[in-house]
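Residue numbers for the sequence shown follow my numbering, so the first one is 1122 and each next one is one higher.
Note that beta-carbon positions come from the ideal geometry of N, C-alpha and C, so glycine has one too.
Note that this is a predicted model, so its numbers are computed, not measured.
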Amino acid sequence: MKHNSFDIVVIGGGHAGVEAALIADHYELSVLLVTMDPKAVGRMSCNPAIGGLAKGQIVREIDVLGGLMAGLADKAGLQFKTLNKKKGRAVWSPRAQIDKRHYEKLVLKTLDVSNVVVVAGEVVSLVYDRAAIGGVVLRDQTRIRCKSVIVTAGTFLSGVIHIGERKIYAGRMGEERSEGLTEHLVSMGFTTGRLKTGTPPRLSKNTIDWDKMNLALGDENPTPFSYSTDNFSPPNEPCFTTNSNSLSHDVIQDNLEKSPMFSGEINGIGPRYCPSIEDKIHRFPDRDSHVLFLEPEWKNSDQIYLNGFSTSLPEDVQLKSLRQVSGLERVEFFRPGYAIEYDFFPPSQLKTTLESKNVSGLFFAGQMNGTSGYEEAAAQGLIAGINASLNIKSKESLVLTRDCSYIGVMIDDLITKDTLEPYRMFTSRAEHRLLLRCSNTVDRLFERANLCGSIDEKSKETFSVIINEKRKLIEGLARSIKPAEISVKRPPRQSSPAKDILKRNEVSIRDLPKKFTRIEGSLPTWIRDEALYDVESEIKYEGYIKRSLREIRSIKRSNEVLLANDLDYSQLKGLSSEAVEKLSKIRPENMGQAMRISGVKASDVSVLMVNLKRS
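Encoded structure:
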């Protein structure tokens, strides 16, 4: 390093750290990214996929807010598929198999052409004065001055890998863990806990009998994640599925006591919605089989990711169990599955900007906030990076609400609900998911991105065209259509507004004359198709959308009632003891947050409102 002073220091080079560093660079701030291994920046350490249920919506939101993940996923994708197509349009979600090596190279290339300074090192303590950040200290005692710090340490904080009775002190397999930073943050007054997550074994491609596997291809006409992607023609690399069986289950059942999850070696709580194979068999003893997905980790990969078989059993038990499965009778490992236990910091200690409530200029993002998944981490890194930059520039922060984005739902959940297990985003977590469709991401977030300055001019131009063309489509559909102009099973008896005809279940926007579906402007074909589809969704769901908007207006009034950070809840008469405990711990920023805290009842909210009016 030529300098020991930066605007922002980012600690950690995972998906959260990369997004935070690059968006701060977009704001023309000086950025230092400190990571233990600069060659591992942006590494996909677990599954070779991006997107999925609700996660796909998050990736789209990252794109519209100026983030990196969507565009790189499009370039490194091996197979693209829209999930949930058999369900309502609100929950359709894009997902892609990714070439992990290509993705990692793209991240490094992007950093190379940026002004972000990347150094190998380990931050062990922070410099702060009067509850404001002033710098960081590396293990070699190098002191670096800065105005803001974004901590994105992932699973590296006191990380311990478990494989049966073996313990390996590491942040990821083959990479050193971070020591000292947790203890320093605790000395600053932060509370911490332990969580665990796991990863399945990597199989040798040549030891699998592929003739016994079930083929799983992507969509024939796939849709990309990023609105900057044009001429999209990705490969459709095959994935495969098979099933575990009673014989493989018996092997695991007979060796459960060797799993550190069951022997008591692991104290951290694992993800409920991504359980280990031993946990599945223990919790669902009546299930004869579980689906296993065989996914290539990169193009022409000789290493296969076995999705659905996350485990911390001894390596010999893993191998014995899998060799009972059809097609895996001769399977060999490149690497066994393992669990990793790590420190996390309950995010109730943060504001909705992801800045600490007690230390100005200090932001936490990613897995250390108790989340799981690349997408959740990248979104938090982006929001933390934007807000750290806006804070330095003395501009208004970006706060995303539950009704405008899945990212807003996630951050609100993290802050107001107890994080007792790794948090994973689902469409069911969003009460306004009908408004949070993947296809209307630009409509929801463009204005916010534009106001906070997180996007470039080219993106602004594209998003403006999309919004204007959709507005013109909706206005045009208010015009009348004659019975002779449309060929449907039940044609209208007289001229009617085209949008009224479109509300019928059996009518598609493609059934209407082209004068109603014409899109002008230089947009890629896939964006034109999506715009038509989204306008159709907007009209067909018009009644439900209006009802949701009424509910949102009511909630907004509660969010406008601000609560002081130093409010002494123990002095408010009438609050239940649980409400006092939870409110004092979380310190909600407004009444809306207070109402969403687990343990705060409607009667507590009434008491709180009465006391606020008195004061």
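Sequence-distant residues of its chain with Cβ nearer than 7 Å to residue i (five each side left out)
{"i": "Asp1146", "result": "Val1152, Ser1235, Asn1236, Val1237"}
{"i": "Tyr1527", "result": "Ala1175, Gln1178, Ile1179, Glu1182, Met1546, Ala1551, Leu1557"}
{"i": "Asn1205", "result": "Leu1174, Val1212, Trp1213, Ser1214"}
{"i": "Lys1581", "result": "Asn1571"}
{"i": "Ile1171", "result": "Val1180, Met1190, Ala1194, Ala1217, Ile1219, Tyr1495, Glu1496"}
{"i": "Val1130", "result": "Leu1153, Val1155, Val1257, Ile1265, Cys1267, Val1270"}
{"i": "Gly1339", "result": "Gln1200, Phe1201, Lys1202, Asn1357"}
{"i": "Val1628", "result": "Val1609, Ile1622"}
{"i": "Gly1695", "result": "Val1728"}
{"i": "Leu1278", "result": "Ser1299, Leu1302, Thr1303, Tyr1463, Asp1464, Met1489"}
{"i": "Ile1660", "result": "Leu1598, Lys1620, Leu1623, Lys1624"}
With 16 other Cβ atoms within 10 Å as the buried cut-off, status of residue i
{"i": "Asp1577", "result": "exposed"}
{"i": "Asn1125", "result": "exposed"}
{"i": "Glu1517", "result": "exposed"}
{"i": "Arg1264", "result": "exposed"}
{"i": "Gln1439", "result": "buried"}
{"i": "Ala1509", "result": "buried"}
{"i": "Leu1737", "result": "Summary: the structure shown does not reach residue 1737, with the chain confined to residues 1122 through 1736, and so no result is reported for it."}
{"i": "Asp1564", "result": "buried"}
{"i": "Thr1318", "result": "buried"}
{"i": "Asn1686", "result": "exposed"}
{"i": "Gln1501", "result": "buried"}
{"i": "Gln1742", "result": "Because the chain here runs from 1122 to 1736, residue 1742 falls outside it and cannot be looked at."}
{"i": "Glu1286", "result": "exposed"}
{"i": "Asn1376", "result": "buried"}
{"i": "Pro1322", "result": "buried"}
{"i": "Thr1646", "result": "exposed"}
{"i": "Gly1740", "result": "Since the displayed the chain opens at 1122 and closes at 1736, residue 1740 lies outside it and no answer follows."}
{"i": "Gln1470", "result": "buried"}
{"i": "Leu1541", "result": "exposed"}
{"i": "Ala1241", "result": "exposed"}
{"i": "Gly1295", "result": "exposed"}
{"i": "Ile1595", "result": "exposed"}
{"i": "Glu1378", "result": "exposed"}
{"i": "Val1290", "result": "Strictly speaking, residue 1290 in this sequence is Tyr, with Val absent from that position. The residue in question, Tyr1290, is exposed, as its Cβ has fewer than 16 Cβ neighbours within 10 Å."}
{"i": "Phe1346", "result": "buried"}
{"i": "Gly1310", "result": "exposed"}
Sequence-distant residues of the same chain with beta carbon closer than 8 Å to residue i, five excluded per side
{"i": "Gly1642", "result": "Val1586, Asn1589, Glu1590"}
{"i": "Phe1361", "result": "Trp1331, Met1334, Asn1335, Leu1336, Ala1337, Phe1414, Leu1415"}
{"i": "Pro1159", "result": "Gly1134, Val1239, Val1240, Ala1241"}
{"i": "Arg1625", "result": "Val1609, Arg1611"}
Those residues which DSSP pairs with residue i across a bridge
{"i": "Ala1161", "result": "Answer is none; Ala1161 lacks a bridge partner."}
{"i": "Lys1202", "result": "Arg1216"}
{"i": "Glu1476", "result": "Phe1484"}
{"i": "Cys1267", "result": "Phe1127"}
{"i": "Gln1424", "result": "Ser1325"}
{"i": "Arg1614", "result": "DSSP output for Arg1614 lists no bridge partner at all."}
{"i": "Phe1465", "result": "Gly1314"}
{"i": "Gly1506", "result": "Paired residues: none, contrary to the question."}
{"i": "Ser1601", "result": "Pro1618"}
{"i": "Leu1336", "result": "Phe1361"}
{"i": "Leu1259", "result": "Val1244"}
{"i": "Lys1250", "result": "This sequence places Asp at residue 1250; Lys is not what is there. For Asp1250, which the question treats as bridged, DSSP gives the partners Ala1253."}
{"i": "Gly1172", "result": "Arg1216"}
{"i": "Val1628", "result": "Answer by DSSP bridge pairing: none, since Val1628 is not bridged."}
Contacting residues, own chain, Cβ-Cβ under 6 Å from residue i (five flanking each side not counted)
{"i": "Met1712", "result": "Ser1679, Val1682"}
{"i": "Arg1099", "result": "In the structure displayed, the chain extends from 1122 to 1736; residue 1099 sits before or after that span and is not available."}
{"i": "Val1701", "result": "Tyr1690, Ser1691"}
{"i": "Phe1584", "result": "Val1563, Phe1567"}
{"i": "Asp1409", "result": "Ser1367"}
{"i": "Gly1597", "result": "Phe1637"}
{"i": "Pro1612", "result": "Pro1604"}
{"i": "Cys1525", "result": "Arg1565"}
{"i": "Trp1419", "result": "Asp1220, Lys1221, Arg1222"}
Check: residue i C-beta below 7 Å from any heavy atom of the ligand GTP
{"i": "Ile1132", "result": "Judged by which ligands are present, the structure shown has none, so any question about the ligand GTP falls away."}
Given 8 Å as the limit, is there contact between the stretch 1329 to 1336 and the stretch 1446 to 1459, that is, 3 or more CB pairs closer than that? yes
Is it true that the stretch 1501 to 1510 meets the stretch 1551 to 1564, where meeting means three or more beta-carbon pairs spaced less than 8 Å apart? no
The stretch 1617 to 1633 contacting the stretch 1598 to 1608, beta-carbon criterion three pairs below 8 Å: yes
Would you check if the stretch 1301 to 1310 and the stretch 1416 to 1426 touch, i.e. whether three or more CB-CB distances between them fall below 8 Å? Verdict: no, contact absent.
Hey, which unbroken runs of the beta strand (DSSP E) at 3 residues or more fall wholly within the stretch 1360 to 1418? 1360 to 1364, 1412 to 1417
Inside the stretch 1670 to 1725 only - alpha helix (DSSP H) runs reaching at least 4 residues: 1698 to 1707, 1712 to 1717
I'd like the ranges of any beta strand (DSSP E) spanning at least 3 consecutive residues and lying wholly in the stretch 1283 to 1325. 1287 to 1290, 1314 to 1320, 1323 to 1325
How do the stretch 1305 to 1322 and the stretch 1460 to 1475 stand: do at least 3 beta-carbon pairs fall below 8 Å, yes or no? yes
Whole beta strand (DSSP E) elements within the stretch 1536 to 1592, 3-residue minimum: If we require 3 residues or more, the stretch 1536 to 1592 turns out to have no beta strand (DSSP E) run fully inside it.
Mind the definition here: the stretch 1702 to 1710 touches the stretch 1649 to 1664 only if three or more C-beta pairs lie below 8 Å; say whether that holds. no
Every unbroken beta strand (DSSP E) within the stretch 1428 to 1461, with a cutoff of 3 residues, ordered by chain: Unbroken beta strand (DSSP E) stretches of 3 residues or longer found wholly inside the stretch 1428 to 1461: 1454 to 1456, given in chain order.
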